[in-house]
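Undergrad:
Protein chains: 2
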Amino acid sequence: MNQKNILLGHGSGGHLTHELIESIFLKHFDNPILNLLSDAALLPTAKGKIAFTTDSFVVDPLFFPGGDIGKLAIAGTVNDLAVQGARPAFLSAGFILEEGLSMETLENIVQSMAKEASKAGIQIVTGDTKVVERGKCDKIFINTAGIGLFDEEFSAIGIDLIKTGDKILINGSIGDHGMAVMSARNQLNISTKVESDCASLNGLIDSLSDFKSKIRFMRDATRGGLATVSAELCKHQNFGVRLFEDKIPVNEGVRGICELLGFDPLYVANEGKVVMVVANDVSDQMLQVMKNHPLGKDAAIIGEITSGQEGKCFMETQIGGNRVVDMLAGEQLPRIC
Amino acid sequence: MNQKNILLGHGSGGHLTHELIESIFLKHFDNPILNLLSDAALLPTAKGKIAFTTDSFVVDPLFFPGGDIGKLAIAGTVNDLAVQGARPAFLSAGFILEEGLSMETLENIVQSMAKEASKAGIQIVTGDTKVVERGKCDKIFINTAGIGLFDEEFSAIGIDLIKTGDKILINGSIGDHGMAVMSARNQLNISTKVESDCASLNGLIDSLSDFKSKIRFMRDATRGGLATVSAELCKHQNFGVRLFEDKIPVNEGVRGICELLGFDPLYVANEGKVVMVVANDVSDQMLQVMKNHPLGKDAAIIGEITSGQEGKCFMETQIGGNRVVDMLAGEQLPRIC
C-alpha cells in the first residue's frame, strides 16, 4: 500500500478501493471464489436447506486479551451457524472504516479474520468496504453474514423438542469475554489474568455428532449472557428451567472483576460458550466427550428442564435459596461485541 | 415502543432488544422464517449454485429525493444478485444504530426497506442490531447480505464470454443518484428536479429473459459510475471498450449540477442502472424490450466492444475527439451509498 492510513477514496469504488482490496483483503482472504471479485459470489450447494445469519461487530477496544474484532467477527457468525446444526461454509465481510484508520491496524484485523476463518474451515467469499469521515464511526465496524450447509439430511434442533428431565450443558466458564473487554477498556490493573473465550465452536459441536439425535437445542450465550439464554429458552413454553449456581463454572479472575465492578457473571457476554439442552440418558456421556475437546475442558451440567413453573427460569443458589433469572433488562456493557 | 429514542440497552441482547425487534423489525419485515428469531434462518434451496453478496450503507443524508438509506439497502443488494443472473430471494439486515436516534426515523427507514423488499420479491429472513454511543456512528448504518437462487440451470454470465462487436446497453440516464444525494446534502436550491434512480432492477432484468443466452455480462454502475464499470470491464482483457458520449443519457438537472459543482456525470454513482454487454445481433431488440419497462424508458445503446486498444476504454466525445476513460482515482462524493 502507498498509504499508511485509510482515506475517503478507499471507499470510492475506484482505484484506491481496488488497491485496498488487492493489497489487504485478497492477500489474506485469498480463495478462488473471492478472487473473482464478482458482484455476488457463486456458491455450490446441495438440495435441501441452508442456514443464513448475520452479525455486526462494534467492540471497543478493537484488541483485547484473547482476541480482537476480527477474530470475533468470524467466530460469532460461525457459532450462530453451528448452533443450528449447520456446517459453517461461506462468509461475507462488510467493512465500515473511519477515515484515518491506520493501514497496519486494518491489516492486523484482516489477518486475524483469515486465521480464525481457516481454523473454523470457513471461506470469506464476498465483501464490501465503505469509508466514512473522521468522527463518523469508531475506527472500524465489521459485519459478517454466514451460510451454513447441512451435509446429511437436515437434523432437527428446536425448542419444541425439549422434554422435562433434559439436562443443560455448557462447555466451560462464563463471563470471560465480557470481563476481558471490560478490563482492557478500563485498563484495570488486575493480577489475575482474564482472557476472552472468543472461539469458533463448530469443532466442539462436531465432536458430539454421535449424539446428534439427542441434542434438543443449542445456543451460544453471547450478549445478555447465560441468564438471557436460559430465560429465553423457556419463555412462553410449557416447561421451566432450573440452574444450579454451584455447578456453573466461573473463573476466579472473572469473579473478582465482577465483584469489584458490580457485575453478575450470569449476565456477562461470552463468545465461546454453547448452552446445550440434551436428553438426560446421554448427558453424562456427552459431558465426557465435551471435556475431551480443548474448548470443553471445563464443561459442566449446569441445570435441567423442569415441569413446574412453566415459562420461568430459577436458579438454586449456593446458599440454598431460589432466585428468578430473567433476561437482561438494561445494558451492562455496551459494545462488548 | 415505550422509548422515543434509541438507548444503548436496545443493543444489549436483553429485554429492550426484544422489544425493538418485536415492535419495529418484526412488525414491518414479518415473515414465517424471520419470525422464528433463530440464530440462523433456515432456507430452502435447490441443488446447484446460489449467489451471495453483501453491502454496507452509510449514505448521508438518510433521506434524499427519490429514496432513503432503507430503500438503498434493499435495492443495492438485490441488484448485485440480479446482475449475476440470480433471482434475489433472501436478505439479512444488520443495523448499527447511534444512541439517541429517533425511533420514528428508524421506523420510517424500516418501513421503506419492507416496501422495497416486497416490490423486489425478496424476504428479510435474519438480522442483528448493535447500538453505539452518541458520536460513535452517524445515526444509522445498515448492512444487507443477500442470497440469490437460480431457478433454471445456471446460465453463464461473465467477462470471458464477451466478443468483439458486442454492444453495451444501459437502462437510462446516468448520475441521478449521486447528484440527488449531493443536492440534498448541500441543500442546493436548484429549479430542475433531480431524483435518485434508486430501484431494484431484478424486474427489468427478468423482462429480458428471452435473451438470456445473449447476455454476456451485467453490472450495476454504482460507486465510480459508468466510467469505472466500463474501465473495469476491459481491464486486463484482450478487447477494448468504446463509448459514444452523444448516446449516453444524462438528465438536464444532473448535467446542470455537475457543471455547477465540477463533477463528471460519467463518474457519478447510480443506484438503478445496469450496464449490459449483449450480442450485437439482438441488441436492438433488447433495447426495445428495455424501453417497454418502466425502469428502462430512457435505455440506450451507448457503446461497443472493440478489438483494438486491448484493455482500454475510450469515449468518442461529442465534438469528435477521443478520450481515455479510466477508473475513478480519488473520491468525488464520499458516503453516496
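If you read the protein sequences in the order shown, they are chains A and B.
This note's numbering puts the first residue of the first sequence at 339, with every later residue one more than the last.
This note's numbering puts the first residue of the second sequence at 339, with every later residue one more than the last.
For glycine and all other residues, C-beta sits at the position ideal for the given N, C-alpha and C.
Using only the alpha-carbon positions, how far apart do E597 (chain B) and V416 (chain A) sit?
TA: Sequence index remark: in the second sequence, residue 597 (chain B) carries index 259 (1-based). Sequence index remark: in the first sequence, residue 416 (chain A) carries index 78 (1-based). One C-alpha to the other measures close to 49 Å.
Undergrad: On the DSSP letters alone, give me the boundaries of the beta strand (DSSP E) that V579 (chain A) sits inside.
TA: Residue numbering aside, residue 579 (chain A) sits at position 241 when the first sequence is read from its first letter. Looking at the DSSP string, the run of the beta strand (DSSP E) that includes V579 (chain A) is 578-582.
Undergrad: For N527 (chain B), name the three-state secondary structure that DSSP assigns.
TA: Your numbering for residue 527 (chain B) matches position 189 in the second sequence. Here N527 (chain B) sits in coil by DSSP.
Undergrad: Is the separation between the beta-carbon of A689 (chain A) and that of L604 (chain A) shorter than 8 Å?
TA: A question about residue 689 (chain A) goes unanswered here, because the residues of chain A that appear run from 339 up to 675.
Undergrad: With 8 Å set as the bound, which would you pick, yes or no: does the beta-carbon of P603 (chain A) sit closer than that to a beta-carbon of chain B?
TA: As a working note, residue 603 (chain A) is residue 265 in the first sequence. It does not: the Cβ of P603 (chain A) has no partner Cβ on chain B nearer than 8 Å.
Undergrad: Start and end of the alpha helix (DSSP H) containing M451 (chain B)?
TA: Counted from its first residue, the second sequence places residue 451 (chain B) at position 113. First-last of the alpha helix (DSSP H) with M451 (chain B): 441-458.
Undergrad: Tell me whether P426 (chain B) sits in a helix, a strand or coil according to DSSP, three-state version.
TA: Here residue 426 (chain B) refers to the residue found at position 88 when the second sequence is read from its first residue. P426 (chain B): strand per DSSP, three-state reduction.
Undergrad: Judging by CA-CA distance, which residue of A:A413, A:V606, A:I639 is the nearest neighbour of G352 (chain B)?
TA: Taking the first residue of the second sequence as position 1, residue 352 (chain B) is located at position 14. Of the candidates A:A413, A:V606, A:I639, the one whose C-alpha sits nearest the C-alpha of G352 (chain B) is A:V606.
Undergrad: Which full runs of the alpha helix (DSSP H) of 4+ residues lie inside the segment 354-440 of chain B, going along the chain?
TA: If we require 4 residues or more, the alpha helix (DSSP H) runs fully inside the segment 354-440 of chain B come out as 370-373, 407-420.
Undergrad: Provide the residue(s) that pair with A483 (chain A) in DSSP beta bridges, ordered along the chain.
TA: Residue numbering aside, residue 483 (chain A) sits at position 145 when the first sequence is read from its first letter. DSSP lists A:T392, A:S430 as partners of A483 (chain A).
Undergrad: Could you pull the DSSP bridge partners for L343 (chain B) from this structure?
TA: Here residue 343 (chain B) corresponds to residue number 5 of the second sequence, with the count starting at 1. The amino acid at residue 343 (chain B) is misidentified as Leu; the sequence shows Asn. N343 (chain B) is bridged to B:S440.
Undergrad: With a threshold of 6 Å on Cβ separation, who are the neighbours of R561 (chain B) within its own chain once the five nearest residues in sequence on each side are excluded?
TA: If you number the second sequence from 1, residue 561 (chain B) lands on position 223. If we look at R561 (chain B) and ignore the five residues flanking it on each side, its Cβ neighbours are A607.
Undergrad: In the DSSP assignment, find the beta strand (DSSP E) that holds L499 (chain B) and state where it starts and stops.
TA: Locating residue 499 (chain B) in the second sequence gives position 161, where the first residue counts as 1. Element bounds for L499 (chain B): n/a, residue is neither H nor E.
Undergrad: Does H353 (chain B) get closer than 8 Å to chain A when you measure Cβ to Cβ?
TA: Translated into the one-based positions of the second sequence, residue 353 (chain B) becomes position 15. So yes, H353 (chain B) belongs to the interface.
Undergrad: May I ask you to verify whether the segment 368-379 of chain A touches the segment 402-419 of chain A, counting CB pairs closer than 8 Å and requiring at least 3?
TA: No: the two stretches stay apart, fewer than three of their Cβ pairs being nearer than 8 Å.
Undergrad: Closest to Q677 (chain B) by C-alpha separation, out of B:V592, B:L546, B:G473, would be which residue?
TA: Because chain B is modelled from 339 through 675, residue 677 (chain B) falls outside the range shown and cannot be assessed.
Undergrad: Counting Cβ pairs, one atom from each stretch, are 3 or more of them under 8 Å apart for the segment 358-371 of chain B and the segment 436-449 of chain B?
TA: With the cut-off at 8 Å, the segment 358-371 of chain B and the segment 436-449 of chain B touch.
Undergrad: Give the residues of chain B in contact with S430 (chain A), contact being defined as C-beta atoms less than 8 Å apart.
TA: Locating residue 430 (chain A) in the first sequence gives position 92, counting from the first residue. Within chain B, the residues near S430 (chain A) are F390, T391, T392, A483.
Undergrad: When you compare each of A:G668, A:G591, A:Q647 to V662 (chain A) by their alpha carbons, which one comes out closest?
TA: Counted from its first residue, the first sequence places residue 662 (chain A) at position 324. When each option's Cα is compared against that of V662 (chain A), the closest is A:Q647.
Undergrad: So, does the segment 612-629 of chain A touch the segment 637-645 of chain A, judging by three or more C-beta pairs under 8 Å?
TA: These segments touch.
Undergrad: Quick one: list the residues of chain B neighbouring Q422 (chain A), beta-carbon separation under 8 Å, in chain order.
TA: Position 84 of the first sequence holds residue 422 (chain A). By Cβ distance, chain B contributes S376, D377, A378, L380.
Undergrad: Check whether chain E comes within 8 Å of A458 (chain A), counting only Cβ atoms and requiring the distance to be less than that.
TA: No chain E appears in the structure shown, which is made up of the protein chains A and B.
Undergrad: Using a 10 Å radius around the Cβ and a threshold of 16 neighbouring Cβ atoms, would you call L347 (chain B) buried or exposed?
TA: As a first step, residue 347 (chain B) must be located in the second sequence, where it is residue number 9. Inspection of the sequence shows that residue 347 (chain B) is occupied by Gly rather than by Leu. Its Cβ being crowded by 16 or more others within 10 Å, G347 (chain B) is buried.
Undergrad: The segment 461-478 of chain A: which residues have C-beta closer than 9 Å to a C-beta of chain B, in chain order?
TA: So the close ones are V463, T464, G465, D466, T467, K468, V469, V470, E471, G473, K474, C475, D476.
Undergrad: Given that a residue counts as buried once 16 or more other Cβ atoms are within 10 Å of its Cβ, and exposed if not, what is N340 (chain A)?
TA: Here residue 340 (chain A) is taken as the residue at index 2 of the first sequence, counted from 1. Answer is exposed; the Cβ neighbour count stays below 16.
Undergrad: Could you check whether C675 (chain A) and G610 (chain A) sit closer than 8 Å to each other, using their CB atoms as the reference points?
TA: Stepping through the first sequence from its first residue, residue 610 (chain A) is reached at position 272. Stepping through the first sequence from its first residue, residue 675 (chain A) is reached at position 337. For G610 (chain A) and C675 (chain A), no; Cβs fall outside 8 Å.
Undergrad: Run through DSSP, which three-state label would K550 (chain B) get?
TA: As a first step, residue 550 (chain B) is located in the second sequence; it is residue number 212 there, counting from the start. K550 (chain B) falls in the helix class under three-state DSSP.
Undergrad: Name the two residues that bound the continuous alpha helix (DSSP H) containing C596 (chain A).
TA: The sequence position of residue 596 (chain A) within the first sequence is 258, counting from 1. That run of the alpha helix (DSSP H) goes 590-599.
Undergrad: Would T566 (chain B) pass as an interface residue toward chain A - the criterion being a Cβ-Cβ separation below 8 Å?
TA: Indexing the second sequence from 1 puts residue 566 (chain B) at position 228. Yes, T566 (chain B) counts as interfacial toward chain A.
Undergrad: Tell me which residues of the segment 661-672 of chain A have at least one Cβ-Cβ distance to chain B shorter than 9 Å, keeping chain order.
TA: The segment 661-672 of chain A vs chain B, Cβ under 9 Å: D664, M665, L666, A667, G668, E669, Q670, L671, P672.
Undergrad: Would you say I412 (chain B) lies against chain A (beta-carbon separation less than 8 Å)?
TA: Numbered from 1 along the second sequence, position 74 holds the residue referred to as residue 412 (chain B). No, no contact with chain A.
Undergrad: Measure the Cβ-Cβ separation of G465 (chain B) and I388 (chain B) and say whether it is below 8 Å.
TA: One-based indexing of the second sequence puts residue 465 (chain B) at position 127. One-based indexing of the second sequence puts residue 388 (chain B) at position 50. Going by C-beta atoms, G465 (chain B) is not nearer than 8 Å to I388 (chain B).
Undergrad: So is T502 (chain A) buried or exposed if we call it buried at 16+ other beta carbons inside 10 Å?
TA: Looking up residue 502 (chain A) in the first sequence gives position 164. Exposed, since its Cβ has fewer than 16 Cβ neighbours within 10 Å.
Undergrad: Could you tell me whether any Cβ in chain B is nearer than 8 Å to the Cβ of R557 (chain A)?
TA: Taking the first residue of the first sequence as position 1, residue 557 (chain A) is located at position 219. So, interface residue.
Undergrad: Give a yes or no on whether 8 Å exceeds the smallest Cβ distance from V396 (chain B) to chain A.
TA: If you number the second sequence from 1, residue 396 (chain B) lands on position 58. By this cut-off, V396 (chain B) is an interface position.
Undergrad: Residues of chain B with a CB under 9 Å from the CB of T560 (chain A): which are they?
TA: The residue labelled residue 560 (chain A) in the question sits at position 222 within the first sequence. Residues of chain B passing the Cβ test: G351.
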